[in-house]
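Residue numbers (our numbering): 50 to 478. The beta carbon of each residue, even a glycine, is placed where N, CA and C say it ideally should be. None of the values given here were measured: they were computed from a predicted structure. One structure is given here, and the rest of the page talks about it.
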Ligand SMILES: NC(=O)C1=CN([C@@H]2O[C@H](COP(=O)(O)OP(=O)(O)OC[C@H]3O[C@@H](n4cnc5c(N)ncnc54)[C@H](OP(=O)(O)O)[C@@H]3O)[C@@H](O)[C@H]2O)C=CC1
Ligand SMILES: O=C(O)CCC(=O)C(=O)O
């Protein structure tokens, strides 16, 4: 959305958490910007023989806890500030669930729908060549994000392996199973989100049986979360994608919705449904709202009209800070993005571990470990919310995460003398 800078939003969230925790101001000074940002130019030969030059970015936010980790977005609206914000959010997403990573993110300004498969492959390989120097399993590990997928990950892994001269399966996650992908990664973002929703519903006394759910975005995160929530007994009353939406208060079957979208290109026009816009979906009567598309969807004015009891942010940064204040005042229970969407990077971590070991787990094993990490992460945040005075789930999640990153920076000596004093002053009960 024009005029709302996701990078400035991300900075505000960190500033608040540093303040709540009573940490040394140096912590904010270090965390308020990425440690490294690379802008690259990617010349691609198009099928008609012309050369088109694309712009790409890779940002590495903070490496105190481990190598940078985060997806690559292919979208016409990608900007450097968006990538910087997404990298920053990755640092705290990894920290909140206890993964040994820092935050990274990449993006290429392009519309993949306008590219042939050959052009898309050349662009993906060109992006990897351009960022190769700063990437690698020990430095920065990309993954899928909006409009990138396992096939693109496979091309990228192959290109990086050529660059290093040997197979580097651990360079990137979200790969197809045939080339070192992990069982369960495709569903992981949605599965983690569904687990967080289940825990939130228990905490808030909301029954999932027949609960009305509205989902914005019907891709990897949104499409699969709709299916998993449907399997858990919820009623999927509305879904939208970039071309339109489908609404039916009696509920819709996400598997059939997916078949309809595969056939027609959109969820709109699903048999028995009425059209619904993204704006209508966000403010409709429902129990659970899952924004699973892009940033800055729930502004203050949208938040004022939200009727959901629980919002689970499968997307990164779907709520503006002003929108967040309104939701907080209204008492809407928000599972913040850095927690609700942490399932994907958690299973990416498992994928990287499996690549490093050369030994692969079953889907059941992956899901068991994911469940454990998500439940622990959720309750750690819920406990911080209870402990802290006047903090909501988002602030609590940032407090948990910033505390872990600040502690790592302190013991590494990044905070100098300031780091030698006890860093964390948790608010008294
Ligand atoms: N994939 C992952 O592992 C993770 C993703 N996320 C976040 O989840 C969100 C979605 O990512 P993901 O599902 O992977 O991406 P996908 O590309 O798989 O899907 C994106 C979905 O959003 C829809 N969409 C795009 N623009 C709009 C719009 N203006 N209004 C309504 N819907 C729109 C797309 O519509 P259409 O189908 O018509 O193109 C598509 O259905 C992003 O914020 C991403 O950063 C977070 C953690 C991990
Ligand atoms: O799987 C990963 O490494 C990162 C996924 C991602 O980009 C995200 O969580 O926003």
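Exercise. What residue from 337, 298, 175, 444 has the CA that sits closest to residue 254's CA?
Worked result: Of the candidates 337, 298, 175, 444, the one whose C-alpha sits nearest the C-alpha of residue 254 is 337.
Problem set entry | residue 290 Cβ short of 8 angstroms to ligand 1 heavy atom set | Residue side-chain check: residue 290 places its Cβ nearer than 8 angstroms to a non-hydrogen atom of ligand 1.
For this session: For the beta strand (DSSP E) containing residue 438, list its first residue and its last residue.
Result: Per DSSP, residue 438 lies in no beta strand (DSSP E) segment and is marked neither H nor E.
For this session: Name the one or two DSSP bridge partners that residue 122 has.
Result: Paired residues: 156.
Problem set entry | Coarse secondary structure for residue 94, derived from DSSP in three states | Reduced to three states, the DSSP call for residue 94 is strand.
For this session: Using the Cα positions of residue 479 and residue 347, report the straight-line distance between them to the nearest angstrom.
Result: Lying outside 50 to 478, the shown extent of the chain, residue 479 is not represented and no answer is given.
Problem set entry | residue 176 burial status per 10 Å Cβ neighbour count (16 or more: buried) | Flag for residue 176 reads buried.
Problem set entry | Sub-9 angstroms separation of residue 191 and residue 222 beta-carbons | Less than 9 angstroms divides the Cβ of residue 191 from the Cβ of residue 222.
Exercise. Can you give the Cα-Cα distance for residue 107 and residue 299, rounded to whole angstroms?
Worked result: In this structure, the CA atom of residue 107 is about 44 angstroms from the CA atom of residue 299.
For this session: Quick one: residues in its chain with C-beta nearer than 6 angstroms to the C-beta of residue 171, no 5 flanking neighbours on either side, listed in chain order?
Result: Cβ neighbours of residue 171 beyond the five flanking positions: 93.
Exercise. Between residue 465 and the rest of its own chain, which residues show a CB-CB distance below 8 angstroms, the 5 nearest in sequence each way excluded?
Worked result: Shown here for residue 465: same chain residues with a beta carbon closer than 8 angstroms to its own, the five before and five after excluded, namely 75 in chain order.
For this session: Could you tell me which residues DSSP puts in a beta bridge with residue 347?
Result: BP columns for residue 347 point to 368.
For this session: Determine the burial state of residue 478: buried for a count of at least 16 other Cβ atoms within 10 Å of its Cβ, exposed for fewer.
Result: Because the pLDDT of residue 478 is 44, which lies under 50, any placement of that residue in the model is unreliable, and the question is left without a value.
For this session: Could you tell me if the beta carbon of residue 194 falls within a distance shorter than 8 angstroms of some heavy atom in ligand 1?
Result: Checking every heavy atom of ligand 1 against the Cβ of residue 194, one is found closer than 8 angstroms.
For this session: Give the DSSP-derived three-state secondary structure of residue 265 in the structure shown.
Result: Looking at residue 265 - three-state DSSP - the assignment turns out to be strand.
Exercise. Quick one: does the C-beta of residue 269 sit closer than 8 angstroms to a heavy atom of ligand 1?
Worked result: Because some heavy atom of ligand 1 lies under 8 angstroms away, the Cβ of residue 269 counts as near it: yes.
Exercise. CB of residue 238 to nearest heavy atom of ligand 2: below 8 angstroms?
Worked result: At least one heavy atom of ligand 2 is nearer than 8 angstroms to the Cβ of residue 238, so yes.
For this session: Over the uninterrupted beta strand (DSSP E) stretch that includes residue 212, give me the two end residues.
Result: Taken as a continuous stretch (DSSP letters only), residue 212 belongs to no beta strand (DSSP E), being part of the alpha helix (DSSP H) at 199-213.
For this session: Could you tell me which residues DSSP pairs with residue 108 in its beta bridges?
Result: 86, 154, per the DSSP bridge assignment.
For this session: Under 6 angstroms Cβ to Cβ from residue 393, same chain only, skipping five residues before and after it: list those, please.
Result: Around residue 393: 237, 238.
Problem set entry | Range covered by the beta strand (DSSP E) that runs through residue 339 | Looking at the DSSP string, the run of the beta strand (DSSP E) that includes residue 339 is 337-340.
Problem set entry | Per-residue DSSP class, three states only, for residue 53 | Residue 53 falls in the coil class under three-state DSSP.
Exercise. If you follow the alpha helix (DSSP H) that residue 295 is part of, which residue opens it and which one closes it?
Worked result: No alpha helix (DSSP H) holds residue 295; the beta strand (DSSP E) holding it covers 293-296.
For this session: Drop a sphere of 10 angstroms on the beta-carbon of residue 445, count the other beta-carbons inside from all chains shown, and report buried for 16 or more, exposed for fewer.
Result: Taking every protein chain shown into account, the CB of residue 445 has 16 or more other CB atoms within 10 angstroms, so this residue is buried.
Exercise. The beta strand (DSSP E) spanning residue 287 covers which residue range?
Worked result: Annotation for residue 287: the continuous beta strand (DSSP E) segment containing it runs 284-290.
For this session: Please look up how many angstroms separate the CB atoms of residue 119 and residue 81, rounded, as I've assumed it's under 8 angstroms.
Result: About 18 angstroms; that fails the 8 angstroms criterion.
Exercise. Since residue 402 is in the alpha helix (DSSP H), which residue starts that stretch and which ends it?
Worked result: In this chain, the alpha helix (DSSP H) harbouring residue 402 covers 391-406.
Problem set entry | Status (buried if at least 16 other CB within 10 Å, exposed otherwise) for residue 411 | Per the 10 Å Cβ criterion, exposed.
Exercise. If residue 284 and residue 262 are in contact, beta carbons under 8 angstroms, what's the gap, nearest whole angstrom?
Worked result: The Cβ separation is near 7 angstroms, so the contact holds.
Exercise. If you draw a straight line from the C-alpha of residue 408 to the C-alpha of residue 128, how long is it?
Worked result: When rounded, the separation of the alpha-carbon atoms in residue 408 and residue 128 is 38 angstroms.
Exercise. CA-CA distance, residue 398 and residue 342?
Worked result: Whole-angstrom Cα-Cα distance: 23 angstroms.
For this session: Go to residue 141, then tell me how far its alpha helix (DSSP H) extends in each direction, as first and last residue.
Result: Run containing residue 141: 129-145, per the alpha helix (DSSP H) assignment.
Exercise. If you follow the beta strand (DSSP E) that residue 75 is part of, which residue opens it and which one closes it?
Worked result: No beta strand (DSSP E) contains residue 75, which is instead part of the alpha helix (DSSP H) from 74-80.
Exercise. Rounded to whole angstroms, how far is the Cβ of residue 209 from the Cβ of residue 250, which I believe are closer than 8 angstroms?
Worked result: Residue 250 and residue 209 do not touch by the CB rule: their CB atoms are close to 41 angstroms apart, not below 8 angstroms.
Exercise. Within this structure, are the beta carbons of residue 349 and residue 381 separated by less than 9 angstroms?
Worked result: No; because the gap between Cβ atoms is not below 9 angstroms, this pair is not in contact.
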